[in-house]
Amino acid sequence: MDVRALFSLSYGLYIVSSVKDDKINAQIANSAFQITSEPVRLAVSLNKQNLTHEYVESSGLFCVSILEKEIPMKFIGTFGFKSGRDIDKFDGVNHKILDGGVPAVIDYSLAYIAAKVVNKTDVGTHTIFIGEVFDANVIKSGEPMTYAYYHEVKKGKSPKTAPTYVK
């Protein structure tokens with residue numbers, strides 16, 4: 001089996017954030033998508049080892065910030081290759097606290113969509129959280145970062161906890 005065939009699937013690059021006990025955290029994710037239009041529901045897939053997963057489990061809230069193509073790799077690295085257990089990922093980052101305390105990343109984001117978890121599915125290493133959208137806002141116009149652009153143009157890598165990681 002040639003797992004490189006999976007690289008042909010289309011993905012975006014997002015920051016998924018959440019809150020737990022008045023602490024906020026976020027991570028890079030490539031699996032976020034709209035499930036339904038009435039009610040508006042969104043799904044995200046998060047690795048169970050990630051701190052953001054723990055926060056979503058605890059609060060039942062998440063926010064997806066849709067990243068712009070021009071985002072610096074250092075910014076992606078902070079949210080994608082560092083742990084909120086070791087650093088405050090929001091230090092110096094422009095963000096907005098939404099209902100329930102969930103943060104939306106404003107820097108390098110085109111829009112954000114916040115949701116309350118209504119269901120979840122255990123898929124082994126990851127959990128798919130399905131949330132009903134309670135807030136959404138367009139920050140600016142622009143071209144969204146795709147996972148293909150991240151890999152092909154920016155030469156980005158996938159961390160071991162990413163669903164697309166290949167040894």
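So the sequence shown is numbered by our numbering: it starts at 1 and just counts up by one. Don't be surprised by glycine CBs; every beta carbon is placed ideally from N, CA and C.
* To do: Examine chain D for any beta-carbon lying closer than 9 Å to the beta-carbon of F129, and answer yes or no.
  => Given the protein chain composition of this structure (a single chain), no chain D is represented.
* Asked: Do S109 and I66 have their C-beta atoms within less than 9 Å of each other?
  -> Between S109 and I66, the gap from beta carbon to beta carbon is short of 9 Å.
* Work out the CA separation of L9 and V3 for me, nearest whole Å. => Rounded to the nearest angstrom, the two C-alpha atoms are 11 Å apart.
* **N-terminal and C-terminal residue of the beta strand (DSSP E) that V117 is part of** => First-last of the beta strand (DSSP E) with V117: 109-122.
* To do: Within its chain, find whatever has a CB closer than 6 Å to the CB of V105; leave out the 5 residues flanking it on each side and keep chain order.
  => So the qualifying residues of the chain are I15, S65, H95.
* How is G12 classed by DSSP in three states: helix, strand or coil? -> Strand, per DSSP.
* **Closest by C-alpha distance to S37, when choosing among I130, T125, Y150** => I130 is the residue among I130, T125, Y150 whose C-alpha sits nearest the C-alpha of S37.
* DSSP on Y165, reduced to helix/strand/coil? -> With a pLDDT of 45 at Y165, under the threshold of 50, the modelled position of that residue is not reliable, and the figure given next carries that caveat. Coil at Y165, not helix or strand.
* Contact check, Y150 vs L13 under 8 Å by CB: the rounded distance? -> Contact between Y150 and L13 holds, since their C-beta atoms are separated by about 5 Å, short of 8 Å.
* The alpha helix (DSSP H) spanning S65 covers which residue range? -> Where S65 is concerned, there is no enclosing alpha helix (DSSP H), although the beta strand (DSSP E) it sits in stretches over 61-67.
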